[in-house]
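Right, one structure below, let's go through it.
Numbering (our numbering), first residue to last: 10 to 339.
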C-alpha cells in the first residue's frame with residue numbers, strides 16, 4: 010500500500026542531504042559574451058561536450074559574465090534598460106533578476122569569496138566610486154566617497170579587505186579598505202591600477218605606467234615592502250590572473266611584437282611564453298583546478314575561444330564561428 014508519510018520522510022531526508030538543493034555548474038563549463046547573431050548576449054559552453062547554449066536573449070548588450078565562487082549564480086552587466094546595470098541569473102540561465110537599482114551605471118564588479126555580496130564600481134559624470142551590494146536584499150553600502158575617483162580591484166581571500174586604485178588625485182595609488190569596518194590603508198603611491206590579490210593572500214599584482222607609457226606588471230606583498238617588476242619595458246602586460254595555487258600569474262604581453270600569453274612566478278625568476286603567432290592572444294583565464302588556461306585568439310576584432318594546458322601544450326579551439334567574443338569566465 011502506498012505510504013504518503015514514508016514518502017514525505019524520504020523526501021525530507023534527501024533534501025537535507027543536498028543542503029539547500031541549489032545546483033552548481035560543472036567546473037569545466039565556460040561562460041562568455043559574444044556578438045553571434047547581431048546582438049551581444051551571454052552563452053555557456055559545456056566543457057564535456059563542447060555544446061554551446063544561449064543564456065540571454067534581450068535587446069541591449071549583455072556582457073562581462075562572471076561565475077560566483079560557488080558556481081551557482083552568474084553575474085553580468087546589461088544595458089537593456091538604458092544604462093549598465095548588474096543582473097544575476099542561475100548558472101543555467103534561469104531566474105534572471107536585476108540586482109542594482111535604476112539610475113546607477115555599473116562599470117565593473119567583483120564577487121566576494123563567500124558569494125554573498127558583490128563589490129561594484131559606479132560611474133558618475135566625472136568620477137567613479139565603489140559600493141558593496143548584498144545578493145539577497147540588493148542593499149547597497151558605499152565603500153568609498155562619491156567625490157573621489159577610484160577603480161575597483163579585488164577581494165582578499167578572507168573577504169576582510171577590498172583593494173582598489175585612487176586615480177586623478179594628488180594621492181594616487183593603491184588602498185585597501187575593510188568593508189565591515191572603518192580602516193583604510195594606503196599600500197602604494199603612484200599611478201597604479203588593476204590590483205588583484207593572490208588566492209593565498211600573500212601578494213597583490215597590479216599595473217604601473219612605465220616611463221615609455223606602457224602598462225607594466227608589478228607584484229608586491231600586502232605591505233608593499235617587496236615590490237617586483239615582472240617585465241620592465243615599453244610593452245603592455247595586461248589581463249593578468251593568478252593561478253588558484255598562487256604559484257604563477259598568467260598575462261598577455263606585446264613584448265614579442267604582438268599580444269601573446271605568458272606565465273610568471275611571483276618572484277619574476279621564471280617567465281614562460283605560452284603562445285607564439287601573428288595574431289592577438291589575450292584575456293587568459295585559469296581553470297578552477299589550475300591545470301588549463303582559457304584565452305581569446307584572433308585578429309581584426311574577431312576572436313575565438315581556445316584552451317591549453319598550463320605549459321602552453323594541448324592547445325584546443327573551443328569555438329569556431331569566428332564571432333566577436335568579448336570576454337569569458339571559466
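Note that the Cβ used here is the ideal one computed from N, Cα and C, for glycine as well.
Small disclaimer: the values here were computed from a predicted structure and weren't measured.
As assigned by DSSP and simplified to three states, the class of residue i
i: residue 162; result: strand
i: residue 261; result: strand
i: residue 188; result: coil
i: residue 156; result: coil
i: residue 205; result: strand
i: residue 327; result: coil
i: residue 39; result: strand
i: residue 337; result: strand
i: residue 60; result: coil
i: residue 182; result: strand
i: residue 252; result: coil
i: residue 70; result: coil
i: residue 143; result: strand
i: residue 80; result: coil
Sub-7 Å separation of residue i and residue j beta-carbons
i: residue 296; j: residue 318; result: no
i: residue 275; j: residue 212; result: yes
i: residue 218; j: residue 245; result: no
i: residue 139; j: residue 159; result: yes
i: residue 340; j: residue 106; result: An answer regarding residue 340 cannot be provided, because it is not within the stretch 10 to 339 covered by the chain.
i: residue 122; j: residue 78; result: yes
i: residue 115; j: residue 95; result: yes
i: residue 288; j: residue 308; result: yes
i: residue 69; j: residue 87; result: yes
i: residue 273; j: residue 39; result: no
i: residue 204; j: residue 236; result: no
Assumed close pair residue i, residue j - CB separation to whole angstroms, cut-off 8 Å
i: residue 71; j: residue 42; result: 6 Å
i: residue 269; j: residue 284; result: 5 Å
i: residue 119; j: residue 190; result: The pair is not a contact, with the Cβ atoms about 19 Å apart (cut-off 8 Å).
i: residue 147; j: residue 108; result: 6 Å
i: residue 258; j: residue 223; result: Going by Cβ atoms, the distance from residue 258 to residue 223 rounds to 17 Å, so no, they are not a contact pair.
i: residue 156; j: residue 144; result: Residue 156 to residue 144, Cβ: 28 Å. No contact.
i: residue 165; j: residue 206; result: 5 Å
i: residue 414; j: residue 202; result: The structure shown has nothing for residue 414, since the chain only spans 10 to 339.
C-alpha distance - residue i paired with residue j, whole-angstrom precision
i: residue 84; j: residue 110; result: 15 Å
i: residue 231; j: residue 294; result: 23 Å
i: residue 55; j: residue 329; result: 14 Å
i: residue 44; j: residue 290; result: 19 Å
i: residue 316; j: residue 325; result: 5 Å
Continuous beta strand (DSSP E) stretch holding residue i: start and end
i: residue 46; result: Careful: residue 46 lies outside any beta strand (DSSP E) and carries neither H nor E.
i: residue 306; result: 301-308
i: residue 225; result: 224-230
i: residue 295; result: 289-295
i: residue 9; result: Here the chain has residues from 10 to 339 only, and residue 9 is not among them.
i: residue 341; result: Any question about residue 341 goes unanswered here, given that the chain covers just 10 to 339.
i: residue 279; result: Residue 279 -> no beta strand (DSSP E), and no H or E assigned at all.
i: residue 212; result: 212-218
i: residue 314; result: 311-318
i: residue 196; result: Neither: residue 196 is in no beta strand (DSSP E) and is coded neither H nor E.
i: residue 233; result: It is not in any beta strand (DSSP E) - residue 233 carries neither H nor E in the DSSP assignment.
is_contact[residue i, chain B] using C-beta, thresh 7 Å
i: residue 230; result: This model lacks chain B altogether, as it is built from one protein chain only.
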